[in-house]
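Engineer: Residue numbers (our numbering): -18 to 175.
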Amino acid sequence: MILFGLCIILAVFLLVNNNKDKNDTLTDKGAAADFTYNDIDGNPFTMSEQNGKVRLVYFFYSNCPDVCPPTTFMMSQVQNMLKDEGKFGDKVEFVSITIDPERDTPEALKKFFDKFNADYNGWKILRGDEKETAELARKYQLLVSKDEEGNFGHMNLIVLVDKKGRMRDFISPQANNPSDTSPEQLYDEIKSLM
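1) Mind checking Leu174: buried by the 16 CB within 10 Å criterion, or exposed?
2) By the DSSP assignment, the beta strand (DSSP E) with Asp150 in it spans what residues?
3) Could you spell out where the alpha helix (DSSP H) holding Glu88 opens and where it closes?
4) Could you spell out the range, first to last residue, of the alpha helix (DSSP H) harbouring Tyr168?
5) What's the gap between the Cα of Met56 and the Cα of Glu83?
6) Quick check on Leu143: buried or exposed, where buried means 16 or more other Cβ atoms within 10 Å of its Cβ?
7) Would you mind stating whether Asn44 and Asp71 have Cβ atoms separated by less than 9 Å?
8) On the criterion of 16 or more Cβ atoms from any shown chain inside 10 Å, does Ala221 qualify as buried, or is it exposed?
9) Between the Cα of Lys120 and those of Lys145, Phe40, Asp22 and Thr8, spot the shortest distance and give me the residue it belongs to.
10) What number of angstroms, rounded off, separates the C-alpha of Phe133 from the C-alpha of Gln58?
11) Between Glu111 and the rest of its own chain, which residues show a CB-CB distance below 6 Å, the 5 nearest in sequence each way excluded?
12) Find the nearest neighbour of Leu123 within the set Ser29, Ile21, Asp47 and Ile78, judged by alpha-carbon distance.
13) Count the other C-beta atoms from every protein chain shown that fall within 10 angstroms of the C-beta of Asn102, then say buried if there are 16 or more, exposed otherwise.
14) By a C-beta neighbour count over all protein chains shown, 10 Å radius and 16 as the cutoff for buried, is Pro196 buried or exposed?
Here is the structure:
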């Protein structure tokens, strides 16, 4: 009888957990820091003015020798999935912020993102002051550092921000490790917040 009772409890537990909305597993990790930076066309972009859209926030630099190009490629794959559904730019926006504004001029950034067919209607490429950007990254719980030779080190995570401006996940993109998040998994996480 005790074994039967335990089986019933286990079955109810599994049923409840399997029927949970994916959104429930994306716990609130705090408010996304507000900021205003200029995009590559010189237009101001304010994070809080984008509430109502799901956002991916990614700190990168175009001269990155390893993880930034494959991560940007992965984001472009997700962009295309969202465009196919008519959601990109309207319901979902990507925000890429350079940590190297000295070398990442608007022209250099456009050249970098054009390689990935970025749709600038929904993908905002931003530049700000280098020190302010490092501090902004810390507010997004990410670390950025610069060595004496001018090379950057940074955490390669994409921050998923919900429509209310709350951070919901820190995504390790499938740049080098197959066990990390795939484009399809990232797409599913975004859809769970729409």
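No residue lacks a Cβ here, since even glycine has one placed at the ideal position from N, Cα and C.
Structural biologist: According to the structure shown:
1) Locating residue 174 in the sequence shown gives position 193, where the first residue counts as 1. By the neighbour-count rule (16 or more Cβ atoms within 10 Å), Leu174 is buried.
2) Here residue 150 refers to the residue found at position 169 when the sequence shown is read from its first residue. Per DSSP, Asp150 is one residue of the beta strand (DSSP E) stretching across Met148 to Ile152.
3) Here the question's residue 88 lines up with position 107 in the sequence shown. Taken as a continuous stretch (DSSP letters only), the alpha helix (DSSP H) holding Glu88 covers Pro87 to Asp95.
4) Counting from one through the sequence shown, the residue named residue 168 turns up at place 187. Counting along the chain, the alpha helix (DSSP H) containing Tyr168 begins and ends at Pro164 to Leu174.
5) As a first step, residue 56 must be located in the sequence shown, where it is residue number 75. As a first step, residue 83 must be located in the sequence shown, where it is residue number 102. Met56 and Glu83: Cα-Cα distance of roughly 24 Å.
6) For the purposes of this step, residue 143 is taken as the residue at position 162 of the sequence shown. Per the sequence shown, residue 143 should be read as Asp rather than Leu. So Asp143 ends up on the buried side.
7) The residue you call residue 44 lines up with position 63 of the sequence shown. The residue you call residue 71 lines up with position 90 of the sequence shown. No; because the gap between Cβ atoms is not below 9 Å, this pair is not in contact.
8) Nothing about residue 221 can be reported from this structure: the residues present for the chain run from -18 to 175 only.
9) What you label residue 120 is simply residue 139 of the sequence shown in a count that begins at 1. Nearest option by C-alpha distance: Phe40.
10) Residue 133 sits at position 152 when you count from the first residue of the sequence shown. Residue 58 sits at position 77 when you count from the first residue of the sequence shown. The alpha-carbon of Phe133 is positioned some 25 Å away from that of Gln58.
11) Walking along the sequence shown from the start, residue 111 turns up at place 130. Excluding residues within five positions, the ones whose Cβ falls inside 6 Å are Pro82.
12) As a first step, residue 123 must be located in the sequence shown, where it is residue number 142. For Leu123, the nearest C-alpha among the options comes from Ile78.
13) For the purposes of this step, residue 102 is identified with residue 121 of the sequence shown, where counting begins at 1. Per the 10 Å Cβ criterion, exposed.
14) Nothing can be reported for residue 196, as the shown portion of the chain is limited to -18 through 175.
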